[in-house]
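Quick note, my numbering runs 11 ahead of the 1-based positions in the sequence shown. By construction, the Cβ of each residue, glycine as well, lies at the ideal position given by its N, Cα and C atoms. Owing to the predicted nature of the structure, the values given are computational and were not obtained by experimental measurement. Contents: one structure, followed by commentary.
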Amino acid sequence: CVFIVDKSAPSFSLNEPLYKTQLKKDLVLNVYKDKVWGSYRHLLLEPPSLIEVQHHCVNSLVRGDLSSLKWFAGSLVPFTKPPTESKLLHVYYTALNFRDIMLATAKLAPEVIARGRINQESVIGFEYSGRTESGERLMGMITSRALSNILEYDPYLAWKVPDSWSLEDAATVPVVYGTVIYALVVSGRMKRGDSILIHAGTGGVGQAAITIALYYECEIFTTVGTAEKREFIKTHFPQIPESHIGNSRDSSFEQMIMMETDGKGVDMVLNSLSEEKLLASVRCLATGGRFLEIGKFDLANNSMLGMELFLKEISFHGVMLDTLFESPNEWKQVFQRQVQENIDSGAIRPLVRTVFESDQVEPAFRYMAAGKHIGKVLIKIRDEEEDRIIKPQSLNVKAYPRVTFDKDSSCIICGGLGGFGLELADWMVLRNSRNIVLTTRTGIRNGYQALRKRVWESYGANVVISTADITTEEGVIQLLNEANQLGPVSTIFNLAVVLKDALFENQTEEDFKASAGPKSIATSLLDKYSRTMCPKLKHFVIFSSVSCGRGNAGQTNYGMSNSVMERICEIRHSEGLPALAVEWGAVGEVGLVADMAEDNQEVVIGGTLQQKIGNCLEILDDLLTQKKHPIVSSMVVAEKRASSSNAGTIVDTVINILGLRDSKTISLHSTLAELGMDSMMAVEIKQTLERQFEVFLTPQDIRSMTFAKLQEIGSSDDKEKKTDVEPKSISQVPDVGLSYLIRAVGEESSAYNSVMRMPSLCENGSVVEQPTTKLPTLFIIPGLEGISSMMEPLSKNLDMQVLCLQYDIVGTSTTIEEMAASHYTLIDQRLSADQEFSIVGYSFGGLIAIEVLKLMEKNNRSGKLWLIDSAPQFLKMTTELAIRGDKPQDQEVQVQLILRFLDLVWPHNKIDFINELYQVNSWEERLNYFINKVPDDVVYSKDYQKQLLNSAYIKLKAILSYDGKPNGSLKTRALLIRPTEHVIPISEDYGLSEYFESAVMVHFVEGNHYSILENKKVAELISQSSSPKDL
């Protein structure tokens, strides 16, 4: 093929040396242009680069993906009106709020916040401080888009900044104090002397609520998530007793409230927690109490709330500060006045804050989403001047280009009532276009087209349906005149198409003319007349096809028409005029290809698969903003479709979301929850796996997911599963490491409690301990972690009171027997003289349970014992396996334990530590070395870390030195529950029958050492054993 695009080239002839020499090279496609031979190839388009703009704002490219948060160009132009008339404000600081995090992580849908699709495209940010164009300092709230450098402010939801405050101070005030006043004063009718539970007391709203509650002389209870935050409350609000500070990470605060109020409860709850913690918070209300819900998760998800709770005459208030944005101005003025009065009285004070620079948007969101912040999180947009009143300077800022249309201009879409045309028009209306002319040969033909037109008109757009014939000069002139009457034409799209497909030998001249009419002929006429009739034209875009760029059988006429349009665009581009030709592949869901597809089957056209219309419009943003190339293409190539994610990709994606450094520094067998995944990260992981890898998991699957499982998921589907071959000796057992025995670090705030009631099916998940004479009670002794949270998957499936006996991490016990003695005391104190005991021992807890059983039988008590994957011989072999190495055993125990703790607390490159740890001589030196290396911003205090490591070290040594004296004297019938996945070569009953008079019954349950707790079969086996004989 020879394509001559040079007017100065000689006429084609096989004898012409120019062509004869080129054809000898035997190339498929030969293009002669600008006196140079070349070819046409598809090359990757450079990613969008930053440009300088006057206005930019933050938005996410992909809902739920924090890494896609970027600064995008906006449409506001400063200083276009006199300062006294302007409603523009130059932002100096913007504050992040929990609503922004919920929106950015897709845990909250935009439609919950903004009414109408026209307002839902960019909804992040609604609190600010800055200067008006006259120089006045203001702070306030707007519906959305406050994460920007310029915004249109609402004078009824703005307040003057006191002279004693900086703009940074001011940015911490409007939303938190506005929320608190609206919730406590307006909705909650707060009275002096009321008692109130304020969740997340170190957060922005929490601190503001405490400040206002102290002003009203209320009795205050609050919750926090870490020991550091507990210290903050004690330091900054010494009026709150330490006994009034609970834990917001679980529902243990309910027990605190009932104990401190003698079972009465509190008058008010300001709640931002969700799910089971919301239910526990409602139970904390006294008779006639007021529940003030400021979170949106349960409201948006329509979560259930039992009507029985209202027998106490409580009231439930959904506090939606957002409703003020749509309220009448009179209501706003009342609210504005209430806030101003509290500012004037000194009740409102700026909060502590953490400030991020404008180029640290993603870290700011992740920081707040992780719950690490105290007070407010601010993003600094620009430096504040020293003068209190000074006109702000207009600054050029860097942003990614984003297409927006001038609302005063008009846009033309030829073929606008087709499937793609309707979606394009909708996209343009959402991008600020308010005058659109859609051309069609026949006018509106169905109800759907009429519906879309009415929707756009409801958004304030003028939509004109033109039947002008764009294949004639008169029709094009008529079309441009119609558009100019609405506003100067700024955009022309040509999507019109007529297909006359046939093999080349069956094509006729009429077929070529019919195909060329709306394509090449219309484009040439639009090019000709737009040059004079559209002086403000910014976009001249024609939709070409892969049939032109790659070819497609039976579409020679169609490909030629598209090629002519592309040449027109090349000429316009060379002359400095706007021009863009887009070669689309097969477009799915709407348009010609979708109409031809049957039963949702994929159609391959020109070697391309159907590209979703949403992706087409997303790509169009990038194509329109680049100005370098007049011909671009977007397609899904069929032969490349099978390239799916591999294990490294899926693992690396999750690692990035969790904020970890490297997969080599984490345990493959730790669950994502153990590695610091919170609910927000879980949502982001779920959506990313579905979107990028087509992996669909339930929230429960994600909570229990490990990187080992992720690697299995990422491997190819036809990979055969490994058979479970039981090793014949310890030397053949894979190295599971201490991650097999230690899976997580417990919350510092609850780690010092000896007994914790765990949520179960009993009493609606209450965590307030009841007498064992009132409720059937099961005592659980956990694994090496020694914390109740590890046993919650089991307790949630049990219909009884479940009490977890946590280990005393500051105690003096050094042997299994000594630890068992303290546990025996805790159980004995809770049982009446003739009451039977029910004990479950899991993993390491099974050793304690056996020794407790000996003490029970010695004191003539009877009861039941269940051991979950536990026995002395099994634990000893597992521990020896986990710490095996080249060094002496005690040295290996110390080093391996610290490395495991490093995985859990501060994932880091272990190589830097291993050599140093082995060179140190004693446990105390190794411990101090590690503690000194850990940074101060780790969630747990250094004292707590040291106590945990010491406690774990003592327990590991106790396992290795434990004898147990198996003499077959225990009379209690025991049940061993084992997982189907196992790695230790050991007898079926783990050698337990040596400890009991009768054989130990063994049940196998699907799972491994840690996932077995999530299997409901375990809870069923425990529940069914209602008496000793049932065992």
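query, result
"Which residues in the same chain have their Cβ closer than 8 Å to the Cβ of Ile970, if we skip the five residues on either side of it in sequence?", "Ile827, Phe855, Leu858, Leu886, Lys887 and Thr890"
"How far does the beta strand (DSSP E) with Asn282 in it reach, from first residue to last?", "Val277 to Asn282"
"So what does DSSP say about Asn70, is it helix, strand or coil?", "strand"
"Closer than 6 Å by C-beta to Glu903: which residues in its own chain qualify, once you throw out the five before and the five after it? Chain order, please.", "Ile894 and Gly896"
"Checking 8 Å against the spacing of the C-beta atoms, do Glu759 and Tyr964 come in under that value?", "no"
"Taking the alpha helix (DSSP H) that Ile325 falls in, what are its first and last residues?", "Premise fails: Ile325 is in no alpha helix (DSSP H) and is neither H nor E."
"Report the rounded CA-to-CA distance for Ser824 versus Ala831, giving the unit in angstroms.", "9 Å"
"Unbroken beta strand (DSSP E) runs of length 3 or more, entirely within the region 366-416: which are they?", "387-391 and 408-410"
"Measure the alpha-carbon distance for Met113 versus Thr983 and round it to whole angstroms.", "52 Å"
"So Trp170 is in the beta strand (DSSP E); what residue range does that whole segment cover?", "Ala169 to Lys171"
"Looking only at its chain, what residues have a beta carbon closer than 7 Å to the beta carbon of Ser655, apart from the 5 residues adjacent to it on each side?", "In this predicted model, Ser655 has a pLDDT of only 36, less than 50, meaning its place in the structure is not dependable; the value taken from the coordinates is given anyway. So the list is empty, once near-sequence residues are dropped."
"Quick check: the region 193-212 against the region 232-252, are there 3 or more CB pairs under 8 Å?", "yes"
"Across which residues does DSSP place Trp595 in a beta bridge pair?", "Ser556 and Ser645"
"Give me the residue from Leu1032, Glu780 and Lys547 with the minimum Cα distance to Gly274.", "Glu780"
"So, at 6 Å on beta carbons, what are the nonlocal neighbours of Leu683 in its own chain, with the 5 sequence-adjacent residues on each side left out?", "Met716"
"From Glu271 to Ile207, what distance separates their C-alpha atoms?", "12 Å"
"Whether or not the region 146-163 and the region 71-88 are in contact is what I'm after, with contact meaning three or more pairs of Cβ atoms, one per stretch, closer than 8 Å; do they touch?", "yes"
"Shortest alpha-carbon distance to Asp876 belongs to which of Ala882, Val851 and Glu324?", "Note that residue 876 is Leu in the sequence shown, not Asp. Answer by Cα proximity: Val851."
"Out of Glu1008, Leu433 and Pro990, point me to the one whose CA is closest to Tyr1021's CA.", "Pro990"
"Can you have a look at Lys240 and say buried or exposed, based on whether 16 or more other CB atoms are within 10 angstroms of its CB?", "buried"
"Mark Asn312 as exposed unless 16 or more other C-beta atoms lie within 10 angstroms of its C-beta, in which case mark it buried.", "exposed"
"Can you tell me which of the three DSSP states Val1075 falls into?", "The shown model of the chain, from 12 to 1042, leaves out residue 1075, and the question about it has no answer."
"If the criterion is Cβ atoms closer than 8 Å, does the pair Lys402 and Ser369 meet it?", "no"
"Using 10 angstroms around the beta-carbon of Gln351, count the other beta-carbons present and answer buried if the total reaches 16, otherwise exposed.", "exposed"
"With contact counted as at least three CB pairs below 8 Å, one residue from each stretch, are the region 752-772 and the region 931-940 in contact?", "no"
"For a minimum of 4 consecutive residues, which ranges assigned as the alpha helix (DSSP H) are wholly contained in the region 917-968?", "922-930 and 934-944"
"Just to confirm my understanding: we take Asp180, look at its own chain, exclude 5 residues before and 5 after, and list those with CB closer than 7 Å. What are they?", "Pro361"
"Select from Glu147, Ser155 and Met152 the residue whose C-alpha is nearest the C-alpha of Ser10.", "This structure cannot settle anything about residue 10, because the visible part of the chain is limited to 12 through 1042."
"Could you say which of Gln621, Glu695 and Asn568 lies nearest to Ser645 if we only look at CA atoms?", "Gln621"
"Which parts of the region 775-857 are runs of the beta strand (DSSP E), unbroken and 3 residues or longer, counting only runs that do not cross its ends?", "788-792, 812-816 and 848-853"
"Within its chain, find whatever has a CB closer than 8 Å to the CB of Leu628; leave out the 5 residues flanking it on each side and keep chain order.", "Glu434, Leu435 and Trp438"
"If I'm right that Val191 touches Val216 with Cβ under 8 Å, what's the distance once you round it to whole angstroms?", "6 Å"
"For the candidate residues Leu281, Ser421 and Thr567, whose alpha-carbon lies nearest to that of Asn495?", "Ser421"
"Should Tyr763 be labelled buried (16 or more other beta-carbon atoms within 10 Å of its own) or exposed?", "exposed"
"Excluding the five sequence neighbours on either side, which residues of its own chain have a C-beta within less than 6 Å of the C-beta of Glu581, listed in chain order?", "Pro641"
"Since Leu100 contacts Thr143 with CB under 8 Å, what's their CB separation in whole angstroms?", "5 Å"
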